[in-house]
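**Student:** Residue numbering for the sequence shown follows full-length UniProt numbering, starting at 1 and increasing by one per position. Note that the Cβ used here is the ideal one computed from N, Cα and C, for glycine as well.
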Amino acid sequence: MIDKKDLQLYFIMGSNNTAANPVHVLQDAINGGITVFQFREKGISAKTGAEKFDLGIQLRSVCRENNIPFIVNDDTDLAVAFKADGIHIGQKDESIKDIKKRIPKHLCAGVSVSTVEEAILAEKQGADYIGVGPIFKTKTKEDALTPIGMHGLGTIIEKVTIPIVAIGGINNKNARQIIQAGADGIAVISAISKVQNSEIAAGELKKATNL
Ligand code: TZP
Ligand code: MG
Numbered sequence: 001m002i003d004k005k006d007l008q009l010y011f012i013m014g015s016n017n018t019a020a021n022p023v024h025v026l027q028d029a030i031n032g033g034i035t036v037f038q039f040r041e042k043g044i045s046a047k048t049g050a051e052k053f054d055l056g057i058q059l060r061s062v063c064r065e066n067n068i069p070f071i072v073n074d075d076t077d078l079a080v081a082f083k084a085d086g087i088h089i090g091q092k093d094e095s096i097k098d099i100k101k102r103i104p105k106h107l108c109a110g111v112s113v114s115t116v117e118e119a120i121l122a123e124k125q126g127a128d129y130i131g132v133g134p135i136f137k138t139k140t141k142e143d144a145l146t147p148i149g150m151h152g153l154g155t156i157i158e159k160v161t162i163p164i165v166a167i168g169g170i171n172n173k174n175a176r177q178i179i180q181a182g183a184d185g186i187a188v189i190s191a192i193s194k195v196q197n198s199e200i201a202a203g204e205l206k207k208a209t210n211l
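(1) I need the boundaries of the beta strand (DSSP E) containing residue 38, first residue and last residue.
(2) Per DSSP, what are the beta-bridge partners of residue 187 in this structure?
(3) Which same chain residues end up closer than 6 Å to residue 160 when comparing Cβ atoms and leaving out the 5 residues on each side of it in sequence?
(4) Check whether the Cβ of residue 134 lies closer than 8 Å to any heavy atom of the ligand TZP, and answer yes or no.
(5) Where do the N-terminal and C-terminal ends of the alpha helix (DSSP H) with residue 198 fall, by residue?
(6) What are the start and end residues of each continuous beta strand (DSSP E) run of 3 or more residues lying completely inside the segment 46–106, in chain order?
(7) CB-CB under 7 Å to residue 203, same chain, minus the five flanking residues each way: which ones, in chain order?
(8) Buried or exposed for residue 23, going by 16 or more other Cβ atoms inside 10 Å?
(9) Could you tell me which of 197, 116, 71 and 54 sits nearest to residue 151, measuring between CA atoms?
(10) Could you tell me the distance, in whole angstroms, from the CA atom of residue 95 to the CA atom of residue 65?
(11) For residue 111, list the residues DSSP reports as bridge partners.
(12) Around the C-beta of residue 45, are 16 or more other C-beta atoms found within 10 angstroms, so that it is buried, or is it exposed?
(13) Ends of the alpha helix (DSSP H) at residue 23?
(14) Suppose the cutoff is 7 Å on Cβ atoms and the five residues either side in sequence are ignored; what does the same chain contact list for residue 25 look like?
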């Protein structure tokens, strides 16, 4: 299971989100204060098969050594094989209801949503948390939807009681307003993976999300 406080600073990364060694970036991010990590190996030139598996194992080890929950994007079988702490899926994936039936009980399951309807359905079907977005414009996800803005986030916060993490274009300048609006945390890729110093970047985001 995932605790609300674990969602405060949710870092997501795959090998194509950084020019550096992802293992080092993750360690730096942890040193800076991230509270949960998601392995998201997808998009242009993403690793597959054994290479994806090997990288995942390395990143999982870093999380384990540092007591950081390790969540796998999309691939439920891989999440189970990794003995991950959770799985995160999108709207185009298998339903959370079906996934919950075949994953071990201790794994948490998160779903990406961008509308109130999707959020309510995710909650009803047993999601442990929702990722809401994109809030702002992002260059990271090739097929990102139109940003829902702070207003869109607010309407979803009003309607569900499960933990909420906001995603999409979040940085240390706009992070604080997300938490002030009532989200439990922020999820970021580039604000930590694509900067000179991931430890400092994570530290700043952590500070911005500490109300
Ligand atoms: N889902 C919605 S936006 C997004 C994902 C995976 C990308 C977030 O990346 P960044 O760099 O934090 O905007
Ligand atoms: Mg997906």
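**Tutor:** Straight from the coordinates:
(1) Its beta strand (DSSP E) spans residues 36–39.
(2) Residue 187 is bridged to 10 and 167.
(3) The beta carbon of residue 160 is closer than 6 Å to those of 119 and 123 in its chain, skipping five residues each way along the sequence.
(4) For the ligand TZP, at least one heavy atom lies less than 8 Å from the Cβ of residue 134.
(5) Where residue 198 is concerned, the enclosing alpha helix (DSSP H) starts and stops at 198–209.
(6) As far as the segment 46–106 is concerned, its whole beta strand (DSSP E) runs of at least 3 residues are 70–73 and 86–89.
(7) Correct list, in chain order: 32 and 33.
(8) The residue in question, residue 23, is exposed, as its Cβ has fewer than 16 Cβ neighbours within 10 Å.
(9) That would be 116, whose Cα lies nearest to the Cα of residue 151.
(10) Between the alpha carbons of residue 95 and residue 65 lies a gap of roughly 32 Å.
(11) Under DSSP, residue 111 shares a beta bridge with 89 and 130.
(12) It is exposed - the Cβ of residue 45 has fewer than 16 other Cβ atoms within 10 Å.
(13) Membership of residue 23 in the alpha helix (DSSP H) is indicated by the continuous run 22–32.
(14) Annotation for residue 25: 13, 18, 193 and 198 place their beta carbon closer than 7 Å to its own, counting only its chain and skipping 5 residues before and after.
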